Structure formats: C-alpha cells, structure tokens
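Take the sequence shown: its position 125, counted from the start at 1, is 124 in numbering that gives the first Met the number 0, and no numbers get skipped. In what follows, a structure is listed as structure tokens, so that the remarks can point back to it.
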Amino acid sequence: MVHFVGAGPGAPDLITLRGAALLKQADVILYTGSLVNPALLDMAREDCRIYNSAEMTLELVLAVMKEAHVQGREVVRLHTGDPCLYGAIREQMDALDARGIPWDDTPGVSSFCGAAASLGAEYTLPGVSQSVIITRMAGRTPVPETERLEVLAGHGASMVIFLSAGLLEEVQSALLRGGYPPQTPAALVYKATWPEEKIVRCTVGTLAQSGSEIRRTALILVGGFLSGGYLRSKLYDPAFTTAFRTGCEPCS
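Set out below in structure tokens:
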C-alpha cells in the first residue's frame, strides 16, 4: 500500500494523528524535501528507507513505489500541507492504478490554514467576504486564461496566492489591474508555523516593496478580511432563530 500523507504546514505537531501513525509504521518514506519540515522524519523507524523526492523525477518515485510494493513494504508519500493543493498527486495515483498498486490518501492541514492561524485571521467575515480564492500567478507553469490573477481579482474576494513569492511585482500589478484598490490589506507569511516563520503586513499597493526580502515558501494573502471591520455573525445573534434555539425579538 502507498499512503499519500499531508504533512501539515510545517510544525511537526500539526500533522494529523493518522498521518503520524502511518509515518511511524512506514517501511519507505518519500518526502518532498524542498517543502516538508525534516523534523517530521524523526517519527520514522531506524530501519525505514527515506528518499528526498525533490531530487527525483516522477518515474524514479514510481520505481521506488513499485519496488516496495513487490517486496510487500508500506510506503508513505509525504507531501507538504494538504496534497490536494499543488501536490501533483493525481498523476501519481493514476500511475499506481495503472500498475495495480493500491493507495490511500490522508489529508493534512494546508499552509493557507496555518497562515490564517498565524495572522489571527478569518477568511470569511460577514459583510466583508464569504469566498476564498486559492490560486497562483502564472509562471513557468501556465494557468487557464479564465484564471489569470487579474481576472480572479475582479471578484474582490479573500485571496490566497501560492507559489508566487518570487513574482511579487507581477502579482501586485495583476491585483491592481484586476480591481483591488491599492489600500487593500495584504500580508506575506513565510514558512507558516515553522520556527523561522516571518510575517509582513502591507497593502496591495506596497506588496512588492514590502516583500523584497521574502521569496520562496511564502504565501500572499489579500483582502478586507485582514482589516478590522466586519458584521456580527447571525449564528450567535440572540435575535437569530436556528434549529437549536429560538431567537428573541426584541432582545436586550
């Protein structure tokens, strides 16, 4: 069996209980060395075979998985955050299906959740934004035409931009062209939840300047949710009736 496991955003204790249990029993671990906190590997058995997939191609990764399957070994494919976001797992799953190798998937805490926690932020604030756009700036890997950053910016929703910290000038320009006012709050979170985490708060208009010393492994967060204003939640309003309690009108 090959177990795809989300490692969480960085802090070792933010991996799920299931993910940690799979790491501890694995015979083989393939981990994304460029992004996963190596401290997580301390959970591995002494006799576990560990491979850094940052130095490997898909074909080499699959070869290790196939060999382990033939030998009856348990494999953990350890991806950063939750591998459903920019994890390149679908191509691995399809290739394993084609080879008759069983797999399962254990979700993890995404870095966009870790970044919000570090900022003390809520993406979906009443009266501000009820949608979160998770995307990336086009670079060597293109994006569909309808998902260009300036097009998505036109929604004015809360936005989390992955894999783009090295393109801050382009990101800033696209956000402004798309309709975010220059004074829109923004933040860069470098290595969210890691010991070396760094947070830079700025605005869309000052994004490139403020993040000049931050490049890889940083998220860009944009939107009014980073400022102070919002409406009170209806769910906990004493005048609001729910399936579990009856609201009072008027309420003191």
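We put the CB at the ideal spot given by N, CA and C, even for glycine. Just so you know, these numbers come straight off a predicted model, no measurement behind them.
Mind reading off the beta-carbon distance from Ile198 to Val159? Whole number of angstroms is fine, and I expect it under 8 Å. Residue mapping note: residue 198 aligns to position 199 of the sequence shown, counting from 1. Residue mapping note: residue 159 aligns to position 160 of the sequence shown, counting from 1. No, Ile198 and Val159 are not in contact; Cβ-Cβ is about 14 Å, not under 8 Å.
Could you check whether Asp81 and Pro101 sit closer than 8 Å to each other, using their CB atoms as the reference points? Numbered from its first residue, the sequence shown carries residue 101 at position 102. Numbered from its first residue, the sequence shown carries residue 81 at position 82. Cβ distance not < 8 Å, so Pro101 and Asp81 don't count as in contact.
In the DSSP assignment, the beta strand (DSSP E) including Ala217 goes from what residue to what residue? The residue labelled residue 217 in the question sits at position 218 within the sequence shown. Residues Ala217 to Val221.
Those residues which DSSP pairs with His279 across a bridge: Beyond the ends of the chain as shown, which are 0 and 251, falls residue 279; an answer cannot be given.
Based on the DSSP secondary-structure assignment, which residues constitute the bridge partners of Leu124? Locating residue 124 in the sequence shown gives position 125, where the first residue counts as 1. Leu124 is bridged to Ser128.
Which residues share a DSSP beta bridge with Tyr85? Numbered from its first residue, the sequence shown carries residue 85 at position 86. Beta-bridge pairing links Tyr85 to no other residue.
Starting from the C-beta of Pro181, find all residues in its chain whose C-beta is less than 7 Å away, skip the five residues before and the five after it, and write them out in chain order. Residue numbering aside, residue 181 sits at position 182 when the sequence shown is read from its first letter. Contacts found: Leu175, Thr202, Val203 and Gly204.
What would DSSP say about Thr105, mapped onto helix, strand or coil? In the sequence shown, residue 105 corresponds to position 106, counting from 1. It is a strand residue.
Counting only the same chain and skipping the five closest in sequence on each side, list residues whose C-beta sits under 7 Å from that of Gln171. Here residue 171 corresponds to residue number 172 of the sequence shown, with the count starting at 1. Counting only Cβ-Cβ distances below 7 Å, and skipping sequence neighbours, we find Val203, Leu206 and Ala207.
Can Leu230 and Pro125 be called in contact, C-beta distance under 8 Å? Sequence index remark: in the sequence shown, residue 230 carries index 231 (1-based). Sequence index remark: in the sequence shown, residue 125 carries index 126 (1-based). Yes.
When the Cα of Met55 is compared with those of Arg200, Lys65 and Leu29, which residue comes out closest? Within the sequence shown, residue 55 is the residue found at index 56, counting from 1. Of the candidates Arg200, Lys65 and Leu29, the one whose C-alpha sits nearest the C-alpha of Met55 is Leu29.
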